[in-house]
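Some notes on the structure that comes next.
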Amino acid sequence: MSHSPANEAAQPIVRQVIQPVSGWRPLDIGEIWRFRRLLRVFVWRDLKIRYKQAVLGFLWVVIQPLALTLVYSIFFGYVARIPSEGVPYPVFFLGGMILWQFFNLAVTQGSISLVAQQQIITKVYFPRPLAPLTSVVSAFVDFLIMFVLLIAVELFYGIRPSWPMLAAPLFAMLTALMAFAICLWLSALDALYRDVRYALAFLMQVWYFATPIIYPLSIVPERFRWIMTLNPLAATIQGFRWSMLGNVAPPPARDLVVAVVVTFVLLLGGAMFFRRVEQRVIDMI
Amino acid sequence: MGDIVISVEQLSKSFRLGDMRRGHTLADAINGLFGPKAEARAREEAERTLWALRDVSFTVRRGEVLGIIGRNGAGKSTLLKILSRIVSPTGGRAIIEGRVGALLEVGTGFSGELTGRENILLSGTILGMSTQEIRSKMDEIIDFSGIERFIDTPVKRYSSGMYTRLAFAVAAYLEPEILIVDEVLAVGDLEFQRKCLGKMNAMTKGGRTVLFVSHNMGAVSELCSHALLLQRGQVHAMGETAAIVEEYARLQRGSEHGVIFDENENLPAAISAASVTDGKGNVINTLDIADEVVLNVSYKVREPLEGLQLSAVISRNMNEIVCTFDTDGLESIPSREPGVYRANCRLPGMFLKAGNYTVRLDLGTTSKLLMEVDGALAFEIEELSQNTHNKGYRKERIGHVISPGRWTTERTG
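In order, the protein sequence lines correspond to chains R and P.
The opening position of the first sequence corresponds to residue 1 in the working numbering, with each subsequent residue numbered one higher.
The opening position of the second sequence corresponds to residue 1001 in the working numbering, with each subsequent residue numbered one higher.
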């Protein structure tokens, strides 16, 4: 359906054909684009609800990573002396953590988004992938703030941004796509089987430790490296650190290629899976 | 004018009943995989398929107000949900020319945490309007809704009346080419209902099309030029409103011997028949305000059940009002051995006010709802023997039952 801007005079008559949907269909990106204004309103609503009841509101986006960095720096940087690729541990940790934080928030919110939005989904029409997409975009807004924080902390430690920083958006983009792909899978699955939400917290915890965030990729023993190759987030975070922190080694090119391929396969599969079950889900919730 | 804006061709929708009852955890899905053999499962599936709509075809012209009527469960809501694209059909198709604004049940999909004003923005955006457009209509919408004082309060704190007021104002003022309104006028006071009917009338004068679902035959007759009568998911009749409303009334009277339900072997207990009678046992569906109203329900128990309960939820003009249990007053809920049971619920005369009543029957144990029949019975109470025009319980006043409370007034100074 084409919900074109409703300028009465200029508005063309929009014709919708409603018919059964079945089989495997890809995501209708054109339709999502036509609903971009709604995405903006959804994101705005998400942010508003997330921080409305907190006195410090948006400040939490900054306080949380700072507090985490402090704690991790004491225990892992100072006490356990985990190496940090030649940059001060707090910067090292923050540089990986903000990307993880973005991923984590997007996935945990996005996975329950279909069920959480059922009030609205059962009353009005909009392209349903907008629900998980909203979670990813609103988590990205938080990420942008943390990104500024990272730069401030870097400057504090005397690290000046350099050319590789131009590549940082690419790694953030890759993370966003990965999060969206997983949200498509999990939000549909969660609506069918609520088990998803219970398993997710545990899964994310394991994933967190299986990703080089509190430790560098370089201390992973050679025989366990394949795990890092399979974990698309590992190369992405390493790449992000490389672009942001100056001294850090870039991720192995092979790992990066695998990450991109895995992401796109997940995204394609997720989109088709989502579209396949969305109607069943709506009949159910 | 006169061209066709909605064309529905053999639209069908089936639901798999199994989907709703089980399959909410992975364990259920796994059980399903290794459960009954595939063949038996397919048979089971066919039995569990419920056709909410079957081969429904009709057309609506620009500027027309089409009333859609039928008993609960006739498929009205499903039809509207398909036309507003919330659910997709199983078969057939519908072609719609223009933007659709839907007002289904209560609320157009408001977000509880947002304020009234913010929800107007949200709804408008869903309709495809730009922020400027919405802003330009904001004042009119707020004004029409009549809830200025609460417009910056989160809508989760709204009463259902306020919610509906806002929802209607949004749906009407955002000016979709096609407005779908589902039974919302039941909530809200008379004055607001008038306002809504007036607004819908004005919209159609401006060439907009309205699909209007209601149980209120008065409103349908007043507003709609044409009506569509759905019966068990199929088009029973369509045409001039007066004739269709008459046909609907005839169908309703057709259930004068009460309702008999299909046997359902899958349930351990099921309602088999229900009827409304007066105090003398005459099956009837229009009663006088002073008559005793008796709800008779027969049900069959197939296996021994602990704590079987039957309840009747009585609604007046679609508002839920009274809930009675057949076990009311008993110390413990009895267990029932297999057999056929008949239960009566007697409501004294001068208790229910004049109006249209529907009864939902629920049969279940303390832990599980076995059967729920929405709109199982319908009856009407009229002010035949009483002149109520100076009484507080006359039909038009607020409140649904005649209270035994009495005023006394004495002069104290």
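Every residue gets a Cβ at the ideal spot worked out from N, C-alpha and C, and that includes glycine.
All figures in this text were calculated on a predicted structure; none of them were measured in a lab.
- I98 of chain R has a beta carbon lying at 8 Å or more from every beta carbon in chain P.
- Looking at the DSSP output, P1154 of chain P shares a beta bridge with P:T1115.
- For V1056 of chain P and R1194 of chain P, the gap between their C-alpha atoms comes out near 31 Å.
- DSSP places I1006 of chain P in the strand class (E or B) of the three-state scheme.
- By the neighbour-count definition (other C-beta atoms within 10 Å, threshold 16), L56 of chain R is an exposed residue.
- Think of a sphere of 8 Å around the beta carbon of F1150 of chain P: no beta carbon from chain R falls inside it, the nearest being about 18 Å out.
- In the structure shown, Y215 of chain R falls within a coil segment according to DSSP collapsed to helix, strand and coil.
- Rounded to whole angstroms, the separation of the alpha carbons of A1219 of chain P and K1391 of chain P is 25 Å.
- Beta-bridge partners of S1275 of chain P (DSSP): P:N1296.
- No Cβ-Cβ contact shorter than 8 Å links V1301 of chain P with K1353 of chain P.
- Considering only beta carbons, no part of the region 231–257 of chain R lies closer than 9 Å to chain P.
- When Cβ-Cβ separations below 8 Å define contact, P1338 of chain P makes no contact with chain R.
- Under the three-state reduction of DSSP, C1345 of chain P is assigned to strand.
- Around the CB of D1152 of chain P, fewer than 16 other CB atoms lie within 10 Å, so the residue is classed as exposed.
- Look at E1240 of chain P here: in three-state DSSP terms it is strand.
- When Cβ pairs closer than 8 Å are counted between the two stretches, the region 124–143 of chain R is seen not to touch the region 1138–1152 of chain P, the count staying below three.
- The continuous stretches of beta strand (DSSP E) do not include F264 of chain R, which lies in the alpha helix (DSSP H) extending over residues A253 to M284.
- Against chain P, the CB of Q109 of chain R has no partner CB under 8 Å away; the residue lies outside that interface.
- Taking every protein chain shown into account, the CB of T1409 of chain P has fewer than 16 other CB atoms within 10 angstroms, so this residue is exposed.
- For A172 of chain R, the three-state secondary structure derived from DSSP is helix.
- Annotation for P127 of chain R: E31, I32 and F35 place their beta carbon closer than 6 Å to its own, counting only its chain and skipping 5 residues before and after.
- Note: G1067 of chain P is bridge-paired with P:F1212 and P:A1227 in the DSSP secondary-structure output.
- Of all C-beta pairs linking the region 84–104 of chain R to the region 226–243 of chain R, three or more are shorter than 8 Å, placing the two stretches in contact.
- Closer than 7 Å at the C-beta level to chain P, one finds these residues of the region 125–144 of chain R: Y125 and F126.
- In this structure, the beta-carbon distance from V196 of chain R to S111 of chain R falls below 8 Å.
- In this chain, the alpha helix (DSSP H) harbouring S243 of chain R covers P232 to L245.
- What G1091 of chain P touches in chain R, judged by beta-carbon distance under 7 Å, is P20, going in chain order.
- Across the set P:L1223, P:D1362 and P:L1295, the C-alpha of P:L1295 shows the shortest separation from the C-alpha of L1347 of chain P.
- DSSP, read as helix, strand or coil, puts W1051 of chain P in strand.
- Residue environment for L1370 of chain P: buried (at least 16 other C-beta atoms within 10 angstroms of its C-beta).
- Going by beta carbons, N1356 of chain P and H1236 of chain P fall outside the 8 Å limit.
- The Cβ atoms of A210 of chain R and I227 of chain R lie closer than 8 Å to each other.
- At a cut-off of 8 Å, the C-beta of D283 of chain R has a neighbouring C-beta in chain P.
- Short of 7 Å from the beta carbon of A168 of chain R, and not among the five residues preceding or following it, lie these beta carbons of its own chain, in chain order: F240, S243 and M244.
- For R1093 of chain P, the uninterrupted beta strand (DSSP E) segment begins and ends at G1091 to E1097.
- According to the DSSP secondary-structure assignment, F1015 of chain P is paired through a beta bridge with P:L1050.
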